[in-house]
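Peer 1: Below is the structure I would like to discuss, written out as structure tokens.
Next up, the structure:
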């Protein structure tokens with residue numbers, strides 16, 4: 004009789020312990036964790052508020068004209084963001100144009116072709132490229148990549164493609180092209196890592212079906228690529244987000260001149276470089292405020308770009324996972 | 519007819535072989551880039567590296583000098599950022615894995631993910647606005663907080679992934695023994711995932727030890743050994759940057775040597791972590 008009562012008592016305490024509200028310790032712990040999690044949301048909100056507040060003088064003064072203004076002359080009080088926006092977008096697009104084919108190649112090789120004992124160590128080596136600090140890429144860019152481009156690559160490009168407006172002008176080794184190439188090396192491990200995950204999430208049945216129909220290896224890979232297309236798009240956009248906000252390496256090789264020139268040999272300037280170079284030297288509230296507004300623009304753009312990328316990558320892993328189960 | 523089929527077939531096979539070779543080539547070039555960069559750093563850096571260089575502080579051009587204060591400064595900054603960043607990051611990870619289910623959990627995960635992508639220079643501007651402006655001076659504390667903000671989302675996501683690897687039977691077993699959820703999480707789940715969480719923390723430390731942009735106008739830099747957390751402080755990365763863009767060959771050589779020290783730290787952590795996790799998974 005007493006044994007049965009004991010059992011009942013233990014069951015009910017066990018049940019109460021399971022329910023989150025039944026235990027004071029649980030309530031405290033859960034609310035503490037929730038507080039810290041909400042702190043993350045708070046940090047993002049605080050970032051927007053702090054940046055917007057400090058950018059307000061510039062926003063009031065220039066309005067939307069700030070985005071279209073072509074002149075950046077702090078001494079005369081002229082602040083236009085267009086040269087920085089152009090430099091940021093152009094260098095990032097050059098980076099993507101170079102790194103996307105490479106990243107796809109690397110991901111395809113590691114997922115579809117290399118045997119396990121090759122894919123693991125080689126995959127790690129490619130990931131190590133992402134571990135190299137930005138300032139180290141910059142140092143290498145100044146003293147190794149820029150002289151190499153000046154001596155061999157840029158004269159060749161000028162010779163072959165000099166009739167277009169894109170490969171003209173003084174060859175210095177530093178400029179938009181160099182910035183784009185450094186960025187390409189930096190985002191390749193990031194894009195290829197995400198594409199690897201996406202390709203690995205495509206169910207094996209897709210490959211087997213393609214091969215069973217007589218497809219060659221490459222034709223089979225194309226099926227896999229089509230299956231993972233949204234995820235690959237997400238990976239590319241993720242790389243774009245990274246390239247847009249990259250600071251040190253670009254600052255050290257892009258030449259830092261706020262001009263819009265079609266030639267990739269000419270010096271350019273990105274939003275992040277402008278902040279890095281001029282923030283501590285900015286004299287006057289309006290100058291500082293204009294730089295903070297540049298930061299706000301960069302924050303909003305990368306936030307949106309990253310958000311889109313995450314949604315794309317999540318969807319594809321979920322979607323192909325579902326297809327796999329259905330098959 | 520039959521002949522044209524085999525022809526098409528041959529082209530398809532040749533095409534396939536060509537492209538698969540091309541992908542191997544892409545991979546080879548990426549690994550080649552890594553080898554070239556690291557090799558060049560080792561070759562350039564080893565020349566200026568000696569004991570005096572590691573313990574001395576910077577001197578004017580022509581008088582030698584070293585990076586001792588920058589090494590100490592970087593370690594202080596890493597310590598400050600770890601004190602703030604690791605506990606907060608681990609708590610967010612616990613929330614995401616164990617508590618935050620449903621819509622709010624998803625929203626927090628999304629915010630944490632996008633926080634990872636915020637350019638570090640913007641984090642620097644933010645910390646400048648909330649710490650440097652009110653206290654009216656650059657400080658080690660501001661630099662550490664900026665690095666912590668970069669650390670938190672990285673630690674949070676790795677902690678979450680590690681906690682999710684802990685089998686459910688462990689949680690159920692502990693709950694069945696009558697432990698409340700907080701005891702289950704802190705006493706069973708987190709210790710089971712501790713090695714994984716620790717490696718995630720090490721990777722986050724490696725990542726922020728290479729950051730330069732957020733330190734430019736928070737920690738700022740200094741040519742002396744640190745004395746207080748309320749003063750500007752030197753760091754390896756900012757030192758490398760300043761020397762790299764200087765016009766002096768001697769400082770360029772010192773930048774390479776400092777880079778060798780930084781890369782040994784960063785790549786060392788990455789390789790050790792890889793070695794440790796290889797056995798477990």
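Chains as they are written, first to last, in my numbering: chain A, 4 to 330; chain B, 519 to 799. Positions of the beta carbon are idealized from the N, C-alpha and C atoms, including for glycine.
1) Applying the 10 Å Cβ sphere with the 16-neighbour rule, what's the burial state of residue 239(A)?
2) Listing by chain order, which chain A residues have their CB less than 9 Å from the CB of residue 551(B)?
3) Can you grab the Cα-Cα spacing for the pair residue 658(B) / residue 615(B), in whole Å?
4) Considering only the beta carbon of each residue, do residue 489(B) and residue 634(B) sit closer than 8 Å?
5) Mind checking whether residue 673(B) and residue 724(B) have CB atoms under 8 Å apart?
6) Would a check of beta-carbon distances place residue 602(B) closer than 8 Å to chain A?
7) At the 8 Å Cβ level, is residue 136(A) part of the contact set with chain B, yes or no?
8) Does the distance from the C-beta atom of residue 417(A) to that of residue 279(A) stay below 8 Å?
9) Could you name the residues of the same chain whose beta carbon sits closer than 6 Å to that of residue 787(B), not counting the 5 residues immediately before and after it, in chain order?
10) Is the Cβ-Cβ distance between residue 136(A) and residue 728(B) less than 8 Å?
11) Please report the distance separating the alpha-carbon of residue 794(B) from that of residue 127(A).
12) Tell me the rounded alpha-carbon separation between residue 742(B) and residue 589(B).
13) Beta-carbon of residue 792(B) versus every beta-carbon of chain A: anything under 8 Å?
14) Inspect the CB distances between the region 215 to 226 of chain A and the region 240 to 250 of chain A and report whether three or more fall short of 8 Å.
15) Could you pull the DSSP bridge partners for residue 82(A) from this structure?
16) Going by C-alpha distance, which of 779(B), 761(B), 796(B) and 781(B) is nearest residue 582(B)?
17) Give the DSSP-derived three-state secondary structure of residue 637(B) in the structure shown.
18) Below 8 Å between beta carbons: does that hold for residue 702(B) and residue 681(B)?
19) I want to verify the contact list: residues of chain A whose CB lies under 9 Å from the CB of residue 681(B), in sequence order.
20) Which first and last residues belong to the alpha helix (DSSP H) in which residue 280(A) is found?
21) From the beta carbon of residue 112(A), is the nearest beta carbon of chain B less than 8 Å away?
22) Tell me whether residue 600(B) sits in a helix, a strand or coil according to DSSP, three-state version.
23) Helix or strand or just coil, what does DSSP make of residue 144(A)?
24) Just the C-alpha distance for residue 324(A) and residue 116(A), rounded to the nearest angstrom, thanks.
25) Does the structure place the region 596 to 604 of chain B close enough to the region 33 to 52 of chain A that three or more beta carbon pairs sit under 8 Å?
26) Can you confirm whether the region 70 to 85 of chain A touches the region 158 to 165 of chain A when touching is taken to mean that 3 or more C-beta pairs between the two stretches lie within less than 8 Å?
27) Name, please, each residue of chain A whose Cβ falls closer than 8 Å to the Cβ of residue 731(B).
28) For the region 525 to 540 of chain B, which residues have a CB atom closer than 7 Å to at least one CB atom of chain A, in sequence order?
29) Identify each residue in the region 279 to 302 of chain A for which the Cβ-Cβ distance to at least one residue of chain B is less than 7 Å, and report them in chain order.
30) When you check each C-beta in the region 29 to 46 of chain A against every C-beta of chain B, which residues fall closer than 8 Å?
31) Tell me, please, which residues DSSP counts as bridged to residue 258(A).
32) According to DSSP, simplified to helix, strand and coil, what is residue 732(B)?
33) Does any CB atom of chain A fall closer than 8 Å to the CB of residue 571(B)?
34) Starting from the C-beta of residue 318(A), find all residues in its chain whose C-beta is less than 7 Å away, skip the five residues before and the five after it, and write them out in chain order.
35) Starting from residue 57(A), find everything on chain B with Cβ-Cβ shorter than 7 Å and list it in chain order.
36) Closer than 8 Å is the cut-off here; do at least three beta carbon pairs connect the region 691 to 700 of chain B with the region 770 to 779 of chain B?
Peer 2: Walking through what the data contain:
1) Working through the first chain from its first residue, we reach residue 239(A) at position 236. By the 10 Å Cβ count, residue 239(A) comes out buried.
2) Stepping through the second chain from its first residue, residue 551(B) is reached at position 33. Within chain A, the residues near residue 551(B) are 132, 188 and 191.
3) Against the second chain, residue 658(B) aligns to sequence position 140. Against the second chain, residue 615(B) aligns to sequence position 97. Roughly 33 Å between the two C-alpha positions.
4) The question about residue 489(B) has no answer, for chain B in this structure spans 519 to 799.
5) Here residue 673(B) refers to the residue found at position 155 when the second chain is read from its first residue. Here residue 724(B) refers to the residue found at position 206 when the second chain is read from its first residue. Not closer than 8 Å, so no.
6) Locating residue 602(B) in the second chain gives position 84, where the first residue counts as 1. Cβ-Cβ to chain A under 8 Å: no for residue 602(B).
7) The residue labelled residue 136(A) in the question sits at position 133 within the first chain. Closer than 8 Å: yes.
8) Since the first residue of chain A shown is 4 and the last is 330, residue 417(A) is not available in this structure.
9) Position 269 of the second chain, counting from 1, holds the residue named residue 787(B). Result list for residue 787(B): 720 and 724, in chain order.
10) Numbered from its first residue, the first chain carries residue 136(A) at position 133. Numbered from its first residue, the second chain carries residue 728(B) at position 210. Yes. Within cutoff.
11) Reading the second chain from its first residue, position 276 is the one you call residue 794(B). Reading the first chain from its first residue, position 124 is the one you call residue 127(A). Those two C-alpha atoms are separated by around 14 Å.
12) Translated into positions along the second chain, residue 742(B) becomes position 224. Translated into positions along the second chain, residue 589(B) becomes position 71. Rounded to the nearest angstrom, the two C-alpha atoms are 11 Å apart.
13) Looking up residue 792(B) in the second chain gives position 274. Output row for residue 792(B): interface = yes.
14) no
15) Taking the first chain and counting its residues from 1, the one referred to as residue 82(A) is at position 79. Partner(s): 75(A).
16) In the second chain, the residue the question calls residue 582(B) occupies position 64. Minimum Cα distance to residue 582(B) is reached at 761(B).
17) Here residue 637(B) is taken as the residue at index 119 of the second chain, counted from 1. Three-state result, residue 637(B): coil.
18) Your numbering for residue 702(B) matches position 184 in the second chain. Your numbering for residue 681(B) matches position 163 in the second chain. Not a contact, by the Cβ cut-off of 8 Å.
19) Along the second chain, one-based indexing puts residue 681(B) at 163. Per Cβ cutoff of 9 Å: no residues; residue 681(B) is ~12 Å from chain A at best.
20) Start at 1 with the first residue of the first chain, and residue 280(A) comes out as number 277. Looking at the DSSP string, the run of the alpha helix (DSSP H) that includes residue 280(A) is 274 to 281.
21) If you number the first chain from 1, residue 112(A) lands on position 109. So, interface residue.
22) Along the second chain, read from residue 1 onward, the residue named residue 600(B) stands at position 82. It is helical.
23) Working through the first chain from its first residue, we reach residue 144(A) at position 141. Helix, per DSSP.
24) Along the first chain, read from residue 1 onward, the residue named residue 324(A) stands at position 321. Along the first chain, read from residue 1 onward, the residue named residue 116(A) stands at position 113. For residue 324(A), the predicted model reports a pLDDT of 42, less than 50, meaning its position is unreliable; a value from the coordinates is still stated below. Answer to the nearest angstrom: the Cα atoms are 22 Å apart.
25) no
26) no
27) On the second chain, position 213 is the one that residue 731(B) refers to. Ordered by position in chain A, the residues that pass the 8 Å Cβ test against residue 731(B) are 137, 250, 251, 275 and 279.
28) 530, 531, 533, 534, 537, 538 and 540
29) 279, 282, 283, 295, 298, 301 and 302
30) 29, 31, 32, 33, 35, 36, 37, 39, 40, 41, 42, 43, 44 and 46
31) Here residue 258(A) corresponds to residue number 255 of the first chain, with the count starting at 1. Answer by DSSP bridge pairing, in chain order: 271(A).
32) Walking along the second chain from the start, residue 732(B) turns up at place 214. Three-state result, residue 732(B): helix.
33) Within the second chain, numbered from 1, the residue matching residue 571(B) stands at position 53. No, residue 571(B) does not count as interfacial toward chain A.
34) On the first chain, residue 318(A) is found 315 positions in, with the first residue counted as 1. 233, listed in sequence order.
35) Residue mapping note: residue 57(A) aligns to position 54 of the first chain, counting from 1. Per Cβ cutoff of 7 Å: 647.
36) no
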